[in-house]
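Numbering (the working numbering), first residue to last: 16 to 197. What follows is a short report on a single structure.
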Ligand code: NI
């Protein structure tokens, strides 16, 4: 396993439309495992391949309640995900993103979705999801299309969040720089 770094916005890879993969082979399986590890380490519930610098249509998530030992962990690994249905009814969730550290905003999306995807065994799967899982699926799928949750909110709020994230990114990069120069 190799350790993956999560990319912080702004970065062109986060605005790139990811390419479909031809099949879930052992290297994609390894990528999925590495992405899950990076996601759990960062205490996230979802991660898309763009966020670790790869423009491939691969995403992982785990929305299980950590406190519930029977249900958790419950990782989902998906390649080439495609929405096949979305509900008319919307719901609103306070979303965050590992690429926009510390930032949250209310985002309105369809409340339920149906999705088809290839799982970690290269088997075609179909799921219907509601609640947090529906939100997470749509958020990660957005990443694969170069879209961030801030694109769904007002420009004023988006600009405010992006200013804060730029500062965080600059601080982290200068810390890394200092570390290397020691
Ligand atoms: Ni995200």
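Glycine included, every Cβ here is placed at the ideal spot set by N, Cα and C. For clarity, every value in this text was computed on a predicted model and none was experimentally measured.
Please list, in chain order, all residues of the same chain as residue 32 whose beta carbon is under 8 Å from its beta carbon, the five residues on each side excluded.
Here residue 32 refers to the residue found at position 17 when the chain shown is read from its first residue. Closer than 8 Å at the Cβ level, and outside the excluded window around residue 32, lie 70, 159, 160, 161.
Own chain partners of residue 28 with C-beta closer than 7 Å, once the 5 adjacent residues on each side are dropped:
Taking the first residue of the chain shown as position 1, residue 28 is located at position 13. The residues are 22, 65, 68, 70.
So, do the stretch 140–160 and the stretch 37–57 have three or more beta carbon pairs nearer to each other than 8 Å?
no
Between which two residues does the beta strand (DSSP E) harbouring residue 61 extend?
Position 46 of the chain shown holds residue 61. Its beta strand (DSSP E) spans residues 61–63.
Quick check on residue 139: buried or exposed, where buried means 16 or more other Cβ atoms within 10 Å of its Cβ?
As a position in the chain shown, residue 139 is number 124, starting the count at 1. Exposed, by the Cβ-count rule.
Just reading off the alpha helix (DSSP H) that residue 43 is part of, what are its end residues?
By one-based count along the chain shown, residue 43 stands at place 28. First-last of the alpha helix (DSSP H) with residue 43: 41–56.
Just to confirm, are residue 122 and residue 168 a CB contact at a threshold of 8 Å?
Against the chain shown, residue 122 aligns to sequence position 107. Against the chain shown, residue 168 aligns to sequence position 153. Their beta carbons are under 8 Å apart, which means residue 122 touches residue 168 by this criterion.
8 Å contact criterion, which residue 110 and residue 164 should meet: CB distance rounded
In the chain shown, the residue the question calls residue 110 occupies position 95. In the chain shown, the residue the question calls residue 164 occupies position 149. Indeed they touch by this definition, with Cβ atoms about 5 Å apart.
Go ahead and pull the three-state DSSP assignment for residue 188.
Numbered from its first residue, the chain shown carries residue 188 at position 173. Helix.
C-alpha gap between residue 188 and residue 91, whole angstroms:
In the chain shown, counting from the first residue as 1, residue 188 sits at position 173. In the chain shown, counting from the first residue as 1, residue 91 sits at position 76. Distance between the alpha carbons of residue 188 and residue 91: 31 Å.
Looking at the ligand NI, does it come within less than 7 Å of residue 147, judged from the CB to the closest heavy atom?
To locate residue 147, count along the chain shown from 1; it is residue 132. Checking every heavy atom of the ligand NI against the Cβ of residue 147, none is found closer than 7 Å.
Report the residue ranges of all beta strand (DSSP E) runs contained in full by the stretch 111–158; include only those spanning at least 3 residues, in chain order.
115–125, 128–133, 139–144
If you count every other CB in all the chains shown that lies within 10 Å of the CB of residue 88, and 16 or more means buried, which is it?
Here residue 88 refers to the residue found at position 73 when the chain shown is read from its first residue. Classification of residue 88: exposed, given that the 10 Å Cβ count is below 16.
Which residues DSSP lists as bridging residue 106, in chain order:
Numbered from 1 along the chain shown, position 91 holds the residue referred to as residue 106. Per DSSP, 124.
Run the CB neighbour count on residue 143, radius 10 Å, all protein chains shown included, and call it buried at 16 or more, exposed below.
The sequence position of residue 143 within the chain shown is 128, counting from 1. Residue 143 should be labelled exposed.
Test item: CB-CB of residue 180 and residue 24 under 8 Å:
For the purposes of this step, residue 180 is identified with residue 165 of the chain shown, where counting begins at 1. For the purposes of this step, residue 24 is identified with residue 9 of the chain shown, where counting begins at 1. Yes, the pair counts as a contact, with Cβ atoms nearer than the cut-off.
Using three-state DSSP, classify residue 99 as helix, strand or coil.
Translated into the one-based positions of the chain shown, residue 99 becomes position 84. Strand.
Compare the Cα-Cα distances from residue 59 to each of 128, 130, 116 and report the closest residue.
Indexing the chain shown from 1 puts residue 59 at position 44. Out of 128, 130, 116, 116 has the C-alpha closest to the C-alpha of residue 59.
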